[in-house]
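Colleague:
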Amino acid sequence: MALRSTGGIVLPKTKNPSKDEILLYDCPALAEIRLPELCAPVVEKGEYVRRYQKVACGEDGFSVYASIPGKVTVCAKDRIIIENDMSQKTAESDANKPRTIDDINYESLIEYSRRYGITGAYSGVPLYRKISGAYGKCSRIIINCIESDPYSGHVRALVCAHAKEIVLGAKILMIGMGVKKCVFALGASYSAAASAIKEHISDVPGMVIAGIKEKYPVGNEYLLLNAVYGKEISRSRSTAESGYPVFSAETVCELFNALRSGLPSIYKVLTVAGKGFSKPYAVRVPQGCAVADLADFIGTTEKFDVSFAFGGPLRSVPVDRGSFLERNTNMLLAYKSKKPSDGTCIRCARCTSFCPMDLVPFLFHDSYSVGRYSDVVGRGLYNCIECGICTYVCVGKIDLLAEIRAQKSALNAPEELAEEQPETISDTSDENAVSAEEEKPLDHESSAEEILDAVADGILSSISEDEVPVETVEEAAEDTVEEAAEEHVEETAEITALEPDDGKIEENAGEDIPAPAVDTAAETAGETDASEESEAEKKDDNE
Amino acid sequence: MTTNNTPLLFKRRDTINTVMVNVLIAMLPALCWSVYVFGFRSISVCAAATLSAMVLHTVGDILISRKVRFDLSCVVTGVLVGMAMPVSVPLWLPAAASAFAVIVGKIFFGGTGGNLFNPAALGICFSYLTFGGYMTAFTKPFAVLPAFYIEIPGEMLDSARTVTSFENLRAGVVDPTCISEELYGLVPGSIGTVSALMLFIGLVYLLLTRTVHFNSALAFLLVYTLLSLTFCYADYEPTQFMELQLLSGNLMFVLTFMLNDYTTTPTTSIGRLIFAALAAGAIFAVRAFGMVDYCEFFAVLVLNVLSPIIEKHTYPTVFGAHVRKTL
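Protein chains in written order, with numbering that gives the first Met the number 0: chain A, 0 to 542; chain B, 0 to 326.
1) Select from the segment 248-274 of chain A all residues with a C-beta closer than 7 angstroms to any C-beta belonging to chain B, and list them in chain order.
2) Would you grab the beta carbon distance between B:I151 and B:G109 for me? Rounded to a whole angstrom, and I think it's under 8 angstroms.
3) What residues from the segment 130-151 of chain B come within 7 angstroms of chain A, judged by C-beta to C-beta, listed N to C?
4) Beta-carbon of A:E231 versus every beta-carbon of chain B: anything under 8 angstroms?
5) Would you mind sorting A:V517 into buried or exposed? The rule is 16 or more other CB atoms within 10 Å of its CB.
6) Write down the C-beta distance between A:P16 and A:T270 rounded to the nearest angstrom, noting that I regard them as a contact closer than 8 angstroms.
7) So with Cβ pairs under 8 angstroms, would you call A:S277 a contact of chain B?
8) Indicate the three-state DSSP secondary structure (helix, strand or coil) for B:A110 in the structure shown.
9) What does the Cβ neighbour count give for B:D70, buried or exposed, with the cut at 16 atoms within 10 Å?
10) Indicate, with yes or no, if the ligand HEM has a heavy atom lying under 7 angstroms from the CB of A:P279.
11) Taking C-beta to C-beta, are A:V158 and A:I208 nearer than 8 angstroms?
12) Which residues of chain B have a Cβ atom closer than 7 angstroms to the Cβ of A:G177, listed in chain order?
13) On the three-state DSSP scale, how would you describe A:T544?
14) Tell me the rounded alpha-carbon separation between A:D365 and B:F256.
15) Does DSSP put A:P125 in a helix, in a strand, or in coil?
16) Rounding to the nearest angstrom, what Cα-Cα distance links A:S138 and A:P263 in this structure?
17) Which same chain residues, not among the five before or five after B:G112, have their C-beta less than 7 angstroms away from its C-beta?
18) Check for me: the beta strand (DSSP E) holding A:C386 runs from which residue to which?
19) Report the residues of the segment 304-321 of chain B with a CB closer than 7 angstroms to any CB of chain A, ordered along the chain.
20) Are there 16 or more other CB atoms within 10 angstroms of the CB of A:Q87, so buried, or fewer, so exposed?
21) How would you list, in chain order, the residues of chain A whose beta-carbon sits under 8 angstroms from the beta-carbon of B:Y261?
22) Measure the alpha-carbon distance for A:I265 versus A:E325 and round it to whole angstroms.
23) Nearest to A:K53 by CA position, among A:I384, A:V318, A:G261, A:G377, is which residue?
24) With 9 angstroms as the C-beta to C-beta threshold (strictly closer), list the residues of the segment 202-227 of chain A near chain B in chain order.
25) If we call anything under 8 angstroms between Cβ atoms a contact, is A:G119 one with A:Y64?
26) Would you report the Cα separation of A:V268 and B:R209, rounded to the nearest angstrom?
27) Can you give me the start and stop residues for the alpha helix (DSSP H) that A:E110 sits inside?
28) List the residues of chain A that B:G112 touches, going by C-beta distances under 8 angstroms, in chain order.
29) Step through the CB atoms of chain B and report whether any lies within less than 8 angstroms of the CB of A:R234.
30) Ignore the nearest five residues each way along the sequence and tell me which others in B:H56's own chain have a CB closer than 6 angstroms to its CB.
31) Could you list which residues in chain A have their beta carbon closer than 8 angstroms to that of B:T192, in chain order?
32) Please list the terminal residues of the continuous beta strand (DSSP E) segment that includes A:K335.
33) Does DSSP put A:G57 in a helix, in a strand, or in coil?
34) How about A:F323 and A:A30: are their beta carbons less than 8 angstroms apart?
35) Could you check which residue in A:A289, A:E240, A:V41, A:S352 has the C-alpha nearest to that of B:V317?
36) Where A:P244 and A:M330 are concerned, what is the direct C-alpha to C-alpha distance, given to the nearest angstrom?
Here is the structure:
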């Protein structure tokens with residue numbers, strides 16, 4: 000049985016581009032390069048930049064690059080807009096790129112991920128921050144290949160096409176962070192992606208696949224860790240700081256490609272979907288690509304006025320046609336806008352029973368309607384991960400997610416932001432102690448023959464157990480606590496290891512759900528049945 | 000600040016009206032059975048109650064919210080009020096009872112979803128307290144009364160009148176021969192509450208459509224069974240006393256349609272279990288020590304008051320057990 004997270008809902012199956020090729024759209028007319036905090040532009044307005052040319056540099060060394068060649072038309076503190084001249088001029092690749100896998104250690108990994116401008120595909124936060132936050136605290140990394148949003152398929156498409164790069168990128172992270180375990184989290188029915196990964200991880204020790212029960216929104220880090228490890232990571236700190244760094248497949252892939260080629264990360268893979276497009280597509284676009292250009296490339300429908308939104312269909316944020324994709328935009332939706340409904344709460348408590356964060360969303364509705372927003376902070380307003388399940392299941396048609404977002408932004412408008420007191424978490428403290436013992440960076444002297452470029456050029460099969468440094472470390476550092484913790488994953492991962500046979504698993508996906516004892520779970524099981532039945536009719540039912 | 004900043008781009012499964020339609024479908028078996036047992040007058044009683052509820056709910060809602068919004072919850076209230084009345088009542092009584100239910104029970108509390116008390120239970124209790132004579136005039140099964148008479152003539156009513164077996168039970172007399180009749184509903188009683196079997200079919204339908212929660216229904220039946228087996232006060236076998244307790248009176252009706260009402264019961268799953276157990280205890284106690292007819296509805300009203308308190312103390316602990324105070 001697949002690993003399950005608490006809460007959440009099984010949504011009806013939708014069309015997705017997971018089996019399609021990833022389209023490449025390389026020539027948007029405009030691109031907006033967003034600059035993270037502490038980053039200042041190093042180019043000026045009117046200057047000509049080539050693709051891969053550095054346009055901004057931060058105090059911390061984090062660099063930002065031009066994703067298209069052309070003239071800088073806007074150069075502000077937080078953004079740079081480039082107008083494409085369609086010349087395909089590129090900057091040269093970095094001469095100081097890592098030559099061999101020996102060049103990878105913690106310091107160099109941080110340095111490279113800063114220099115190549117690699118950001119998290121879901122968070123949009125520079126990757127090096129996550130690495131440095133987790134370094135020394137963790138004993139495993141988790142590669143998130145799950146996409147729980149309906150219509151989303153680009154991650155699966157990416158994993159199928161670039162499994163080798165992802166596995167090697169994960170290996171680089173393992174070496175750089177000094178961990179010896181890597182868990183690939185995949186949905187229980189991602190058979191193609193699983194077999195692609197399996198093909199490449201068989202030679203690398205310490206890598207396992209975990210098959211996760213596909214519920215919305217299990218792609219969230221906290222819920223993913225809940226499914227894999229059965230733990231509820233406290234929301235008082237990030238997952239990386241708690242010892243469970245989660246990296247998305249795309250980030251890992253970008254990391255490897257950047258280190259191999261010496262070219263910075265400037266592309267973003269995303270799904271475009273919705274009624275406004277003929278079908279969902281997975282597309283690779285330059286960072287900050289203009290929405291209008293991408294929409295014209297895909298081709299929107301003529302039947303109605305198309306509106307655009309970022310994010311999954313349950314949690315989307317509307318954007319203008321003239322806006323630009325952001326670093327963490329994983330989905331562009333085109334839809335027919337409609338009037339917002341005026342809802343009534345009848346206290347059916349579906350929002351409560353499905354909420355993955357165990358919140359009571361109708362209380363947020365109460366506080367919103369009377370305008371006393373701060374009352375619900377104690378009920379976990381800031382614990383909300385904005386998945387939008389509450390809005391989806393609400394029989395009263397209340398736009399709960401909008402109300403939660405409105406309250407959050409209203410409360411954050413004044414400056415009186417109290418410093419949050421970090422709590423010590425009992426369930427991870429023992430592991431922190433464990434990893435603190437083995438904090439010294441791993442020794443990679445013995446693997447001089449492992450050349451990164453050679454690996455990239457296809458000598459993947461040469462990675463055998465005795466050549467990989469992490470293996471020796473694993474044997475050396477025997478720790479019972481450690482072993483016990485890892486044993487669990489290994490077991491569950493083996494149990495849920497995926498069969499390569501496509502159809503069989505998908506057919507049986509909904510049937511083998513046992514009757515759970517708890518109320519919430521019972522509800523969810525019912526959802527499955529209902530959604531299985533009505534799958535055919537609901538296929539195209541996005542509004 | 001706009002509320003339209005998250006378009007839901009995925010088709011919703013249920014709305015209030017689909018929930019209410021499910022409840023109405025669950026009433027159908029019992030309603031059909033009542034036509035078989037009591038004739039078409041049962042339909043007129045329910046129709047009078049429903050019409051009054053619909054009109055007053057719509058008008059009242061427009062007055063308090065200044066906009067037209069109609070939902071089927073008032074139809075459910077109206078039919079429930081009608082179903083809980085004896086077939087012999089004059090037709091103005093169900094209309095008055097559901098008017099009271101809707102206006103006092105719902106509109107005064109702010110319309111659908113705001114009510115503290117179950118409106119139907121409130122309407123029934125109101126009419127029992129004000130017109131107890133009409134409300135306790137139970138007739139024999141198959142004594143078909145004219146469907147369109149506003150008020151049943153006295154002599155016709157007297158010839159059809161009888162006592163319910165539940166009154167015997169109150170006195171501690173168990174007649175084991177009538178257990179199967181209670182199950183099928185071939186006994187004197189209110190329109191929609193005579194047949195435990197038909198109500199149970201409705202309950203199963205609601206459970207299957209996930210409209211109501213399995214746990215609370217099971218908890219109620221379990222606690223009630225245990226209570227009636229333990230504290231059997233009749234002069235017969237405890238098992239037969241238990242069967243009669245479960246099948247007679249308005250118990251199944253209250254369980255199916257009132258203890259699973261969304262608005263007036265706790266919203267948390269633990270809270271629902273506590274509520275169901277308390278309801279079983281309360282109904283058993285009122286039946287044993289209190290009045291005879293409609294005692295279940297009074298127990299429901301008392302428990303409705305407790306519901307917000309139970310709910311407040313059983314909110315779930317947030318995921319990760321850490322409530323964030325800032326973003």
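We put the beta carbon where it would ideally sit given N, CA and C, even for glycine.
Modeller: Put simply:
1) Answer set for the segment 248-274 of chain A: G273.
2) The residue you call residue 151 of chain B lines up with position 152 of the second sequence. The residue you call residue 109 of chain B lines up with position 110 of the second sequence. That belief does not hold up - the Cβ atoms of B:I151 and B:G109 are roughly 38 angstroms apart, past 8 angstroms.
3) For the segment 130-151 of chain B, which is checked against every Cβ of chain A, not one residue is closer than 7 angstroms.
4) As a first step, residue 231 of chain A is located in the first sequence; it is residue number 232 there, counting from the start. Yes - at least one Cβ of chain B is within 8 angstroms of the one on A:E231.
5) Position 518 of the first sequence, counting from 1, holds the residue named residue 517 of chain A. Legend: pLDDT at A:V517 = 39, less than 50; position of this residue unreliable, value from coordinates given subsequently. Its Cβ having fewer than 16 others within 10 Å, A:V517 is exposed.
6) Position 17 of the first sequence, counted from the start, is the residue given in the question as residue 16 of chain A. Position 271 of the first sequence, counted from the start, is the residue given in the question as residue 270 of chain A. Rounded, the Cβ-Cβ distance is 6 angstroms, consistent with contact.
7) Position 278 of the first sequence, counting from 1, holds the residue named residue 277 of chain A. Chain B contact via Cβ: absent.
8) In the second sequence, residue 110 of chain B corresponds to position 111, counting from 1. Note that residue 110 of chain B is Gly in the sequence shown here, rather than Ala. Of the three classes helix, strand and coil, the one that applies to B:G110 here is coil, per DSSP.
9) Counted from its first residue, the second sequence places residue 70 of chain B at position 71. Burial call: buried.
10) Questions concerning the ligand HEM fall outside what the structure shown contains, since it holds no ligand whatsoever.
11) Locating residue 158 of chain A in the first sequence gives position 159, counting from the first residue. Locating residue 208 of chain A in the first sequence gives position 209, counting from the first residue. Taking 8 angstroms as the Cβ cut-off, A:V158 and A:I208 do not qualify as a contacting pair.
12) Mapped onto the first sequence, residue 177 of chain A falls at position 178. The premise fails here: A:G177 is roughly 27 angstroms from chain B at the closest Cβ pair, so nothing lies under 7 angstroms.
13) No statement about residue 544 of chain A is possible, as the shown extent of chain A runs from 0 to 542 and does not include it.
14) Counting from one through the first sequence, the residue named residue 365 of chain A turns up at place 366. Counting from one through the second sequence, the residue named residue 256 of chain B turns up at place 257. In this structure, the straight-line span from the alpha carbon of A:D365 to that of B:F256 is close to 26 angstroms.
15) As a first step, residue 125 of chain A must be located in the first sequence, where it is residue number 126. Strand, per DSSP.
16) The residue given as residue 138 of chain A occupies position 139 in the first sequence. The residue given as residue 263 of chain A occupies position 264 in the first sequence. Distance between the alpha carbons of A:S138 and A:P263: 28 angstroms.
17) Against the second sequence, residue 112 of chain B aligns to sequence position 113. Cβ within range, chain order: T262.
18) Sequence index remark: in the first sequence, residue 386 of chain A carries index 387 (1-based). From DSSP, A:C386 is part of no beta strand (DSSP E); its letter is neither H nor E.
19) Y314, P315, T316, V317, F318, G319, A320, H321
20) Locating residue 87 of chain A in the first sequence gives position 88, counting from the first residue. Flag for A:Q87 reads exposed.
21) Here residue 261 of chain B refers to the residue found at position 262 when the second sequence is read from its first residue. Going along chain A in sequence order, the residues near B:Y261 (Cβ under 8 angstroms) are I345, R346, C347, A348.
22) If you number the first sequence from 1, residue 265 of chain A lands on position 266. If you number the first sequence from 1, residue 325 of chain A lands on position 326. Looking at the two C-alpha atoms, the distance is approximately 12 angstroms.
23) Translated into positions along the first sequence, residue 53 of chain A becomes position 54. Of the candidates A:I384, A:V318, A:G261, A:G377, the one whose C-alpha sits nearest the C-alpha of A:K53 is A:G261.
24) Y221, L222, N225
25) Position 120 of the first sequence holds residue 119 of chain A. Position 65 of the first sequence holds residue 64 of chain A. No, these two residues do not count as a Cβ contact at 8 angstroms.
26) As a first step, residue 268 of chain A is located in the first sequence; it is residue number 269 there, counting from the start. As a first step, residue 209 of chain B is located in the second sequence; it is residue number 210 there, counting from the start. Whole-angstrom Cα-Cα distance: 39 angstroms.
27) The residue given as residue 110 of chain A occupies position 111 in the first sequence. First-last of the alpha helix (DSSP H) with A:E110: 105-114.
28) Here the question's residue 112 of chain B lines up with position 113 in the second sequence. Simply T343, C344, I345, R346, G395.
29) By one-based count along the first sequence, residue 234 of chain A stands at place 235. With 8 angstroms as the cut-off, A:R234 counts as an interface residue toward chain B.
30) As a first step, residue 56 of chain B is located in the second sequence; it is residue number 57 there, counting from the start. If we look at B:H56 and ignore the five residues flanking it on each side, its Cβ neighbours are C73, V101.
31) Taking the first residue of the second sequence as 1, we reach residue 192 of chain B at position 193. Those do not exist, as B:T192 stays about 24 angstroms from chain A at its closest Cβ, beyond 8 angstroms.
32) In the first sequence, the residue the question calls residue 335 of chain A occupies position 336. Per DSSP, A:K335 belongs to the beta strand (DSSP E) from 330-335.
33) As a working mapping, residue 57 of chain A is identified with position 58 in the first sequence. Strand, per DSSP.
34) Here residue 323 of chain A is taken as the residue at index 324 of the first sequence, counted from 1. Here residue 30 of chain A is taken as the residue at index 31 of the first sequence, counted from 1. Their beta carbons are under 8 angstroms apart, which means A:F323 touches A:A30 by this criterion.
35) Start at 1 with the first residue of the second sequence, and residue 317 of chain B comes out as number 318. Per the Cα distances, A:S352.
36) Locating residue 244 of chain A in the first sequence gives position 245, where the first residue counts as 1. Locating residue 330 of chain A in the first sequence gives position 331, where the first residue counts as 1. Taking the straight line joining both Cα atoms gives about 23 angstroms.
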